[in-house]
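Here the structure is laid out as structure tokens; the discussion comes afterwards.
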Amino acid sequence: MRRCRAVVAALVLAFVATDAKAGSPGLAAHRFSPEGLAKVSDYVRNEIANGKIPGAILLLQQHGKPVYYENFGVRDPTTELSMSADTIFRLYSMSKPITTVVAMMLVEEGKLALSDPVSKYIPAFADMKVGVKTHGEDGKPALTLEPLKRAVTIEDL
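The sequence shown begins at 1 in the UniProt record's numbering and counts up by one.
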């Protein structure tokens, strides 16, 4: 249910754009309704205040330039750490198709290659290990951690 609300909030954000022709001149920020963006911000603040979500980050870009960015609430209610521009999220369910579309747009723009190792963008992936099923001396199945034979790529994800 919480993820559903997050998707709804993202869709609301998509509808705050005013009618504009693709490629028309002018500042990207002028194509978005300040009132609509304020409504989205208020919606997210209300969801946090009602305990429905701990926090959120909203970023809207047009033509590669940020036109709206705001972080709300905390990344983890137990630690009370605030959301920040470098907060990493686990992506689930309906986030996957959206993330895939964004990734493919980056591929089309030449900013990302499917063959790129994930560690190029997230260094924690550099020393990944994989569990290999083996048998212990007692004959029982066991997992042994071994280095990957090749790096995890964007395409693997």
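Every residue gets a Cβ at the ideal spot worked out from N, C-alpha and C, and that includes glycine.
Going by CA-CA distance only, name the one from the options that's closest to residue i.
i	options	result
L58	K65, A142 and V44	V44
residue 209	Q62, P66 and P77	As displayed, the chain neither begins before 1 nor continues past 157, which places residue 209 out of reach and without an answer.
I88	S115, E108, K111 and Y121	Y121
G36	L60, E47, P54 and I53	L60
T99	E155, F32, P34 and S33	E155
A126	A56, V107 and K149	K149
R90	G131, E80 and A56	A56
Confirm, please, whether the CB-CB distance from residue j to residue i is below 8 Å.
i	j	result
D116	T144	no
P147	K133	no
A124	L112	no
Determine which residues share a DSSP beta bridge with residue i and list them.
i	result
Y43	Y43 pairs with nothing; no bridge assigned.
L60	Y68
E146	V130
T87	Partner(s): none; T87 has no beta bridge.
P141	H135
residue 162	Here the chain covers residues 1 to 157 and nothing more, so residue 162 does not appear.
What is the C-beta distance between residue i and residue j, in whole angstroms, given that I count them as a contact (C-beta under 8 Å)?
i	j	result
V74	S82	6 Å
S119	A142	With a Cβ gap of about 27 Å, S119 and A142 do not count as contacting.
Could you say if the region 39-48 and the region 64-72 meet the contact criterion of at least three C-beta pairs nearer than 8 Å?
At 8 Å Cβ cutoff, the stretches touch.
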